[in-house]
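1 is the number of the first residue of the sequence shown in the UniProt record's numbering; add one for each residue after it.
Idealized CB from N, CA, C, for every residue including glycine.
Source: prediction; values computed, not measured.
The structure appears right after this line, and notes come after that.
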Amino acid sequence: MSETTEPAIRLTAEAWESLFRAQVAVMRRLRNDPSFKKLAIGEYDVLFNLTRCPTGWTRLNELNRNLLISQPSLSRMVERLEAKGLVQRKQAPDDQRGVMVALTDTGRELQREIGAAHVRVIHTLLGPILQTGELKQLLELTQRIREGVDDAEHADY
C-alpha cells in the first residue's frame, strides 16, 4: 500500500465513522420523540417506506431493501402491523411464494400524523445546527453515497 493510499483510507474510515455516529446520535433523540408513542420508530419506518410505493403495493423483499432489519424480522413486523389494521398483505400475482404489502387507510392516516410531528422534531434537531445550504449539501452527499453503494451492489464482480 502506498503512502498516499493510507491517508485516503484513514480519511474514508473517519468520514464513515463520523456519519454513522451522527446518525446514531440523531436516532437516539428520535427514539425518545413522543410522536412514537403510538408506533415504534421501526414500525413507522415500514409505513413511511410503503407511502413511497408508486402503485401502493410492493413486494416484501423490495420493502426490505430500504430497511435495516432481516427479512424474517420484517415478516413478523408486517404481521404485527396487519393485526393492528395498518397494513394489508396479499399473494403476489406472478409468484405464489411472493408476498405483496400495502398500507390500509388507517395506516396511511397514522403515518401522516406521526410523519408530520416527526419532521418537525428533525427540523428542531438539525435546523439550528446546519444552514440551508449545508442541509442541501448533506442531502446531495448522502444521495450520492446511496446511489454509489446501490450501483456497486448491482455490478457484476
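Using a Cβ-Cβ cut-off of 8 Å (strictly less than) and excluding sequence neighbours within five positions of residue i, which residues of its own chain qualify?
i    : result
L141 : none
T104 : G85, L86, V87 and Q88
Output yes or no for whether 9 Å exceeds the beta carbon distance between residue i and residue j.
i    : j    : result
Y44  : I122 : no
A83  : L50  : no
L139 : G107 : no
L110 : L86  : yes
V46  : M27  : no
L125 : L30  : yes
For residue i, I'd like the list of residues in its chain whose CB is within less than 6 Å of its CB, leaving aside the five on either flank, ordered along the chain.
i           : result
residue 158 : This structure cannot settle anything about residue 158, because the visible part of the chain is limited to 1 through 157.
N66         : N49
K90         : M100
Beta-carbon within less than 7 Å of residue i's beta-carbon, same chain only, minus the 5 sequence neighbours each way: which residues are those?
i    : result
D156 : For D156, the predicted structure reports a pLDDT of 49, less than 50, and the residue's modelled location is therefore unreliable. The matter cannot be settled from this model.
E6   : none
M39  : Per the sequence shown, the amino acid found at residue 39 is Leu instead of Met. For L39, where only same-chain residues beyond five positions count, the Cβ hits under 7 Å are L110 and I114.
A92  : R59, G98, V99 and M100
* **the segment 44-62 touching the segment 87-99, judged by at least three CB pairs closer than 8 Å** => yes
**Q.** Entirely enclosed alpha helix (DSSP H) segments - the UniProt domain "HTH marR-type" (16-147), minimum 4 residues
**A.** 41-51, 60-64, 71-83 and 105-126
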